[in-house]
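Residue numbers (the working numbering): 22 to 152.
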């Protein structure tokens with residue numbers, strides 16, 4: 022499944038919410054395995070983001086990063102344009118995560134009371150994982 026890093030972040034948040042839902046075994050398996058692959062890609066994104074902050078962060082006299090009130094490092098004035106361009110490039114970078122599919126017919130059987138009710142956002146994520 023092709024995603025950008027930006028959509029990967031949203032995807033991970035949504036798929037994480039599904040991990041605690043009662044659902045058919047094939048759906049659970051697909052969610053767990055796809056989440057694992059997405060998480061691995063997210064860790065790569067985090068490493069690249071950390072390097073970007075390390076390269077562009079303003080440092081105090083002790084070499085420590087100066088932090089903004091939100092906890093992110095303050096960016097050096099002469100690095101702001103480079104930082105913003107690199108951050109946009111990183112967020113828009115297309116990645117390929119290994120997705121694990123299940124039959125869409127399993128969603129039709131979801132009305133069974135032994136499974137949790139789904140929100141439209143959750144159904145949207147599940148539809149991305151159907152054959």
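We treat Cβ as the ideally placed atom computed from N, Cα and C, and that holds for glycine.
Worksheet item: Which first and last residues belong to the beta strand (DSSP E) in which residue 24 is found?
Response: 23-25
Worksheet entry | Where residue 53 falls, given that 16 or more other Cβ within 10 Å makes a residue buried | exposed
Worksheet item: In the DSSP assignment, what are the bridge partners of residue 134?
Response: Beta-bridge pairing links residue 134 to no other residue.
Item to complete: Please confirm whether residue 73 and residue 107 have their CB atoms less than 8 Å apart.
Response: yes
Worksheet item: Quick one: what's got a C-beta closer than 6 Å to residue 67's C-beta in the same chain, skipping five residues either side?
Response: none
Discussion item. Count Cβ pairs between the region 38-53 and the region 126-134 that sit closer than 8 Å; are there 3 or more?
Written reply: yes
Worksheet item: Relative to the alpha-carbon of residue 114, which residue among 63, 35, 58 has its alpha-carbon at the smallest distance?
Response: 63
Worksheet item: Does DSSP put residue 93 in a helix, in a strand, or in coil?
Response: coil
Fill in: Short Cβ contact (8 Å threshold) for residue 118 with residue 58
yes
Worksheet item: What first and last residue would you give for the beta strand (DSSP E) that runs through residue 115?
Response: 115-117
Worksheet item: Rounded to a whole number of angstroms, what is the C-alpha to C-alpha distance between residue 83 and residue 90?
Response: 19 Å
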